[in-house]
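219 is the number that the working numbering gives to position 202 of the sequence shown; each next residue is one higher, with no gaps.
Backbone N, C-alpha and C define an ideal beta-carbon position, used for all residues, glycine too.
These figures come from a predicted structure and were not determined experimentally.
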Amino acid sequence: MSTIDWSRLYEQRRNVAKRFGTIWQVPIARRYHEVLRTLGQEFVSVLEIGAGDRRLKNKMESYWGHFKYSSCDLDPHHDHDFSDIESVTGEFDLICAFEMIEHLELDEAQQLLCKCFDSNVKGGQIAITTPNIYYPPDFLRDATHRTPFCYDELGGLLQLCGYETTAIFRLYNDSVAKKLIKRVLMYPLFRVLGIDFAHQIMVIGRKP
18 MSTIDWSRLY
28 EQRRNVAKRF
38 GTIWQVPIAR
48 RYHEVLRTLG
58 QEFVSVLEIG
68 AGDRRLKNKM
78 ESYWGHFKYS
88 SCDLDPHHDH
98 DFSDIESVTG
108 EFDLICAFEM
118 IEHLELDEAQ
128 QLLCKCFDSN
138 VKGGQIAITT
148 PNIYYPPDFL
158 RDATHRTPFC
168 YDELGGLLQL
178 CGYETTAIFR
188 LYNDSVAKKL
198 IKRVLMYPLF
208 RVLGIDFAHQ
218 IMVIGRKP
């Protein structure tokens, strides 16, 4: 049986949609790490969920210098600090989950985000990326994807768990020629069809 409070989720989703507007009003960022670099600094404590090969550590050290990095992943092929979210201990300034929440059922996603909320310091932040449902191939191409999250749905779910949704981005990077075609020449057609050219969305939340 679902543990989701559907009425509250709908209310929070509407709140996010009202604040951030339509998908076409959501600002574009080139890459997730360019957004992430503004959220931390030297000596910040970071937990990455679904960390894979832990490459985020090296990437962000090039921006911040030394910081405390912890990883959580089921993958036995890499050394991780935690093997699942329930085993996570301590508090973190920043929690990241990139391209993983879509692999969960909605109830599991809520449980994950609520655990993240408990693991954030007061004033701490969470950064999540997921396929943009307005670009269907990015979600549909992977059979392990289980739940599609619209930008306002994910922002609403964060707020349902206690966060304040502070920023939403569409992630898109391409050659100059393709940007001209997609963002200028083909833009009216994308609007008519309700299809976006940005493959992912990124949602930022803050623990009050």
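Contact between residue 102 and residue 147 is absent: CB atoms are separated by about 17 Å, not below the 8 Å threshold. Counting only runs that start and end inside the stretch 105-180, the alpha helix (DSSP H) elements of at least 4 residues fall at 123-136, 153-157, 168-177. Residue 203 sits in coil when the DSSP states are folded into three classes, being neither helix nor strand. The alpha helix (DSSP H) runs of length 4 or more contained entirely in the stretch 32-103 are, from start to end of the chain, 49-53, 72-81.
Nearest to residue 204 by C-alpha distance, out of 37, 41, 20, is 41. Around residue 129, the same chain offers 66, 102, 114, 118, 121 as residues with beta carbons nearer than 8 Å, after the five sequence neighbours per side are excluded. Contact annotation, residue 33 with residue 173: C-beta distance approximately 5 Å; criterion of less than 8 Å satisfied. Under the 8 Å Cβ criterion, the stretch 213-221 counts as touching the stretch 38-56, having at least three qualifying pairs. Residue 220 is bridged by DSSP to 145, 185. Contact annotation, residue 136 with residue 109: C-beta distance approximately 6 Å; criterion of less than 8 Å satisfied.
When the five nearest sequence neighbours on each side are left out, the beta carbons in the same chain lying within less than 6 Å of the beta carbon of residue 50 are those of 76, in order along the chain.
Residue 220 places its beta carbon 9 Å or farther from that of residue 152. In the structure shown, residue 192 falls within a coil segment according to DSSP collapsed to helix, strand and coil. With fewer than 16 neighbouring CB atoms inside 10 Å of its own CB, residue 161 falls in the exposed class.
Note that the C-beta distance between residue 197 and residue 144 is not below 9 Å. Selection 208, 163, 44, 180 evaluated against residue 138 yields 180 as nearest (Cα-Cα). Excluding the 5 residues flanking it on each side, residue 81 has same chain C-beta neighbours closer than 8 Å at 54, 57, 58, 59, 61, in chain order.
In the three-state reduction of the DSSP assignment, residue 24 falls in the helix class.
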